Amino acid sequence: MNKPGQLAIVVPCYNEEEMLPITSEALRASLDDLQSKGKITSDSFVLFVDDGSKDKTWELIAAEHEKYPERIYGLKLAGNVGHQFALTAGLLTAMECSDVTISIDADLQDDIHVFDEMLDKYADGCDIVYGVRNSRKKDTFFKRSTAQSFYKMMNSMGVKTVYNHADFRLMSKRALKAFSEYSERNLFLRGIVPLIGFKSDCVYYERLERVAGKSKYPLKKMLSLAWEGVTSFSIKPISFITFLGVMIVILCFLALIYVLVSYFFLEVNPGWASTFLSIWFIGGVQLISIGLIGQYIGKIYVEVKQRPRYHIETFLSAKKEDENV
Ligand code: UDP
Ligand code: MG
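All you need for our numbering is the position in the sequence shown, starting with 1, plus 336.
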């Protein structure tokens, strides 16, 4: 069980001057509403993170802060570091000065009306609540199909992600503390958060259209996010090389039968049999060797990430149950 706490809504912004006033107003109204329902305390706030925008985003954030110093906080990053790092910067900053955070994109495509439900689950003792889209009707066909194949591919690569969940989620202070121990540079939040553990749940909503401004995630950035997701979570591609090598060597033995039959019973050019076999055999052996080296590199890669191996959820000691370990 969690008492109503100080909520921080964390919003990464990159060239969002068109959205910012709209977003700020909507989020302020939402905070007032949640506060009047007694779900959050009166010192709750919105934290806008300016990810090195080239337009007036920061000026607008500063102006909003000027007008509503209690409600609107701003964090300006030194340069553009990308959505994942901007969000991390915001979350870790908010962690220090709030009890619970909700991260949401500046374009309000994620439904702010589910904050209520998220906070109810938090009150029930959830440390992480994922916002999950139950439909993508409003996305273009291209965006919908590429995004969905992305989730499928990630799962088949063994990366645990929540299907149709982007970075719209509630995280408690202790879930964030645990997250802050992941020091890796190849950051893919959607893959990391499920690794943290703790009690978690999902809320479902309809994904809306971007109200203003353009998507900052063109195909190139989406592909690079997908690549980041696979290569920072899975060493399956390396194992695949080893597998390929083994398959080729097996095929080589099948080819051996074919070559011997041809050699003894059919007319073949001199040198054909030996050339044919050696190309296949050497090819297979090389792939196995590369794959084998890859396995070691894969282990080094897992080690250098120095991910925390566990997080303590509850600590039962002789004195009393201490939930905030
Ligand atoms: N964003 C960011 N840094 C970047 C790119 C995007 O902080 O380099 C922010 C952007 O302002 C928005 C969120 O990340 O709040 C998601 O971007 P967008 O809505 O353009 O992505 P889409 O919803 O189209 O995938
Ligand atoms: Mg968006």
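Glycine included, each C-beta is placed from N, C-alpha and C at the ideal position. No experiment lies behind these values; they were computed from the predicted model shown.
Cβ atoms of R521 and Q445 stay farther apart than 8 angstroms, at about 28 angstroms. The region 461-478 makes contact with the region 524-534; the number of CB pairs closer than 8 angstroms reaches 3 or more.
L590 counts as exposed, since fewer than 16 other beta carbons sit within 10 angstroms of its beta carbon. Going by beta carbons, V382 and L363 fall inside the 7 angstroms limit. At the C-beta level, L506 and Y553 stay beyond 7 angstroms of one another. In this structure, ligand 1 has no non-hydrogen atom nearer than 6 angstroms to the beta-carbon of A430. With a 10 Å radius around the Cβ and a threshold of 16 neighbouring Cβ atoms, D475 comes out buried.
Under the 8 angstroms Cβ criterion, the region 348-358 counts as touching the region 372-392, having at least three qualifying pairs. For G410, there is no enclosing alpha helix (DSSP H); the enclosing beta strand (DSSP E) covers residues 408-412.
The residues G620, L623, I624, G627, in chain order, have a CB closer than 6 angstroms to that of G581 in the same chain once the five nearest residues on each side in sequence are set aside. Note on the region 442-513: whole alpha helix (DSSP H) runs with a minimum of 4 residues are 451-459, 477-492, in chain order. Counting only residues whose CB is nearer than 5 angstroms to a non-hydrogen atom of ligand 1, the list in chain order is P348, C349, Y350, E352, D387, G418, H419, A422, D441, A442, D443, S551, K552, Y553. Annotation: the continuous alpha helix (DSSP H) that includes F589 extends over 572-601.
For T437, the enclosing beta strand (DSSP E) begins and ends at 436-439. Taking every protein chain shown into account, the CB of S519 has fewer than 16 other CB atoms within 10 angstroms, so this residue is exposed. With contacts defined by Cβ atoms closer than 7 angstroms, Q420 and L555 do not form a contacting pair. Around the CB of M337, fewer than 16 other CB atoms lie within 10 Å, so the residue is classed as exposed. Closest in C-alpha terms to D503, from the list W563, K513, C538, I397, comes C538.
Along the length of the region 365-426, whole alpha helix (DSSP H) runs at least 4 residues long occupy 393-403, reported in chain order. Y541: member of the beta strand (DSSP E) spanning 536-542, first to last residue. Pairing R526 with T497 gives a Cβ-Cβ distance under 7 angstroms. F576 has its alpha-carbon roughly 34 angstroms from the corresponding atom of L512.
The alpha-carbon of D369 is positioned some 13 angstroms away from that of L343.
Counting only residues of its own chain and dropping the five nearest sequence neighbours on each side, K641 has a CB closer than 7 angstroms to the CB of E520.
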